[in-house]
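Working notes, beginning with the structure itself.
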């Protein structure tokens with residue numbers, strides 16, 4: 675039996691990995707990413723999900739708060755647009771690591787704003803599929819620390835702007 679439970683949640687269009695803009699996102703499929711996450715978790719239970727629906731993603735974030743020791747979240751486009759996602763994340767008392775395959779800061783200006791970053795313990799982006807592996811390791815490391823939690827209350831009060 676695993677000592678920790680990790681939820682890895684993925685937002686819209688990530689089901690198209692491997693075929694959608696491979697010059698940006700690479701050729702790995704979401705199934706490839708899931709395998710990488712399970713391997714990086716080294717025995718922790720991993721719940722791995724993807725949705726194109728904002729409300730479902732929010733339901734899963736809330737479930738992670740009840741069921742998981744840590745959360746890795748690739749919010750995809752919802753990271754730039756969803757105040758509802760921000761509010762759901764604020765309610766969590768587990769470490770959250772934001773993850774992106776590409777580096778949003780090197781892309782279009784509208785991607786420079788993140789509604790997730792202010793409530794995340796950290797952000798890992800720009801390393802392609804390895805971003806997920808690093809995020810899984812970081813989230814589990816944070817979950818194993820005594821008194822682990824995500825960003826402090828003062829960090830949660832602002833939204834990153836580009």
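Residue numbers (our numbering): 675 to 836. We put the CB at the ideal spot given by N, CA and C, even for glycine.
Check, Outcome
"Three CB pairs or more closer than 8 Å across the segment 679-691 and the segment 718-733", "yes"
"Contact check, residue 813 vs residue 746, beta carbons under 8 Å", "yes"
"Pair within 8 Å by beta-carbon distance, residue 701 and residue 806", "no"
"Cut-off 6 Å between Cβ atoms - residues of its own chain near residue 760, not counting five sequence neighbours on either side", "789"
"Rounded straight-line distance, which links the Cα of residue 776 to that of residue 804", "11 Å"
"Residue 739 and residue 715 closer than 8 Å at C-beta", "no"
"Sequence-distant residues of the same chain with beta carbon closer than 7 Å to residue 758, five excluded per side", "728, 732"
"Cβ neighbours of residue 817 in the same chain (closer than 8 Å, five flanking residues each side left out)", "678, 680, 743, 744, 768, 769"
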